[in-house]
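**Student:**
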Ligand code: GLU
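In the numbering used here, the protein residues as written are 1 to 482.
In structure tokens form, the structure reads like this:
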């Protein structure tokens with residue numbers, strides 16, 4: 001059996017869209033599952049859409065996610081170069097071969113002429129399709145224009161009758177009438193191939209066995225198959241994939257900051273959580289298992305389980321995955337990752353990040369939520385005395401005032417400022433006063449944090465703040481309550 005070879009063929013036009021990343025992921029998983037090769041090819045023949053740095057973003061993203069390619073621009077391979085602009089000279093001879101065999105022709109129509117004919121067609125309520133005008137030029141006429149240096153493109157000579165069918169592994173049997181096919185441009189005026197041409201030539205030359213890409217190419221595929229047939233080449237197996245959407249009617253959007261891999265990484269989502277969840281957007285393992293490492297995904301992957309309908313990317317669900325990954329993360333790694341987020345609000349204030357990280361790890365759903373959760377340590381927020389009211393803890397502002405008055409001298413008396421000592425001394429004092437723990441610890445927590453929900457309780461927070469700051473905040477609380 002021939003070795004499976006899949007490719008991810010992004011155009012370097014900006015950040016990597018989640019839909020693109022998922023296409024890469026499925027291509028990678030399928031290749032690895034079949035002990036095949038995963039190839040990275042950069043499709044940059046549309047120079048107008050090229051964005052500086054976008055190729056590096058693609059490399060970094062795939063590497064970040066652990067999807068290493070077997071062949072590609074920077075790692076090389078037997079079928080390079082893997083950047084299409086560097087293969088520019090490869091394509092023209094193939095197009096000329098098609099001209100020879102009558103499957104393509106030179107077109108010299110200018111933009112103005114085409115615009116005119118398009119406008120005329122639209123005025124008649126017709127969809128403009130190139131009218132094969134230049135196909136009728138004689139060989140001599142063509143040669144004369146070429147000799148005179150008239151700018152040209154090369155177009156496919158698509159049939160106007162009959163239909164073209166092919167099979168797609170996800171969408172099944174597809175049939176398109178040939179009269180909808182336009183004579184697409186294969187070689188542009190600048191000598192570059194179009195995507196439509198280059199993808200066929202390269203997929204063939206690179207020995208791609210399975211073409212996995214977005215379903216927006218389903219309707220162009222008949223045109224590609226006509227090219228394969230014209231060359232007498234084997235048609236690859238097609239695996240088209242539905243898009244990744246926000247919901248049934250909305251795309252993921254750049255403006256809403258939910259379209260790109262980098263949007264999520266910058267917010268503090270983990271690559272492994274993104275990959276795990278993304279794999280399940282549009283594919284399922286056939287059981288209710290949810291957690292997979294990349295290796296486990298390779299093991300479980302099956303093209304037959306790719307969904308035909310759009311995958312819905314639910315940020316809440318991703319957040320849940322992320323939380324689970326963070327909770328299970330090695331503590332030292334967590335500490336290293338959370339430190340810059342602590343620094344955003346606590347930098348230079350001398351807090352014990354290690355202890356704070358211990359208290360925060362369980363509560364961290366996404367790293368960008370961390371600063372808001374810890375900034376109270378740096379500065380006591382404004383708070384309402386209603387926070388002192390807590391039914392279950394049996395406190396209200398009045399009870400709280402008494403509790404804080406009781407606790408203040410106790411804290412003043414603690415010399416050995418460790419969590420253990422603070423705990424033991426406080427508990428003893430509460431017991432001696434005949435009070436309930438909650439009725440004292442709740443008010444204390446409110447007074448020193450200014451908020452109802454905190455990482456750790458009153459004791460941990462007091463320790464982190466230090467004795468002096470704890471007492472300062474206690475006094476402020478008492479002042480508020482008087
Ligand atoms: N360069 C194309 C794109 O980014 C790739 C499509 C394909 O995988 O063939 O849309």
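Note that CB positions come from ideal geometry on N, CA and C, so glycine has one too.
1. Return the residue from the list 139, 130, 140 and 106 that minimises the CA-CA distance to residue 151.
2. May I have all residues whose beta carbon comes closer than 6 Å to any heavy atom of ligand 1, sorted in chain order?
3. Residue 247 to residue 309, Cα distance in whole Å?
4. Between residue 422 and residue 446, is the Cβ-Cβ spacing less than 8 Å?
5. Which residue's Cα is closest to the Cα of residue 373: 431, 355, 352 and 345?
6. Report back the beta-carbon spacing between residue 338 and residue 366 to the nearest angstrom; my notes put them in contact at under 8 Å.
7. Along the chain, where does the beta strand (DSSP E) that runs through residue 37 open and close?
8. Can you name, in chain order, every residue of its own chain whose Cβ lies under 6 Å from the Cβ of residue 268, other than the five neighbours on each side?
9. Return the bridge partner residues of residue 245 from the DSSP annotation.
10. May I ask you to verify whether the stretch 388-406 touches the stretch 425-439, counting CB pairs closer than 8 Å and requiring at least 3?
11. Mark residue 136 as exposed unless 16 or more other C-beta atoms lie within 10 angstroms of its C-beta, in which case mark it buried.
12. If you run the structure through DSSP and keep just helix, strand and coil, what is residue 361?
13. Less than 8 Å between the C-beta atoms of residue 109 and residue 275, yes or no?
14. Could you round the C-beta distance between residue 37 and residue 71 to whole angstroms and report it? I think they count as a contact, below 8 Å.
15. Measure the beta-carbon distance from residue 43 to residue 198 and round it to whole angstroms, keeping in mind my assumption that it falls under 8 Å.
16. Which residue wins for smallest C-alpha separation from residue 363, given the options 332, 327 and 377?
17. Run through DSSP, which three-state label would residue 158 get?
18. Quick check on this structure: which residue in 375, 377 and 401 has the alpha carbon closest to the alpha carbon of residue 386?
19. Closer than 6 Å by C-beta to residue 486: which residues in its own chain qualify, once you throw out the five before and the five after it? Chain order, please.
20. Please look up how many angstroms separate the CB atoms of residue 217 and residue 166, rounded, as I've assumed it's under 8 Å.
21. Which residues mark the beginning and the end of the alpha helix (DSSP H) in which residue 486 is found?
22. Around the Cβ of residue 31, are there at least 16 other Cβ atoms within 10 angstroms (buried) or fewer (exposed)?
23. What are the boundary residues of the alpha helix (DSSP H) that includes residue 279?
24. Could you please give the first and the last residue of the uninterrupted alpha helix (DSSP H) stretch that includes residue 446?
25. Applying the 10 Å Cβ sphere with the 16-neighbour rule, what's the burial state of residue 203?
26. Between which two residues does the alpha helix (DSSP H) harbouring residue 474 extend?
27. Measure the C-alpha to C-alpha separation of residue 99 and residue 223 and round it to an integer number of angstroms.
**Tutor:** In terms of the structure at hand:
1. 106
2. Going by the Cβ distance cut-off, the answer is 9, 10, 11, 43, 195, 199 and 213.
3. 11 Å
4. no
5. 345
6. About 11 Å separates the two Cβ atoms, so there is no contact after all.
7. 37-40
8. 366, 367 and 368
9. 251 and 312
10. yes
11. exposed
12. Residue state, collapsed to three classes: helix.
13. no
14. 6 Å
15. 7 Å
16. 327
17. coil
18. 401
19. Limits of the chain in this structure are 1 at one end and 482 at the other, which puts residue 486 out of reach.
20. Cβ atoms of residue 217 and residue 166 stay farther apart than 8 Å, at about 12 Å.
21. It is not possible to answer for residue 486, since the shown part of the chain is limited to 1 through 482.
22. buried
23. 271-280
24. 437-449 is the span of the alpha helix (DSSP H), which, as asked, contains residue 446.
25. buried
26. 467-481
27. 16 Å
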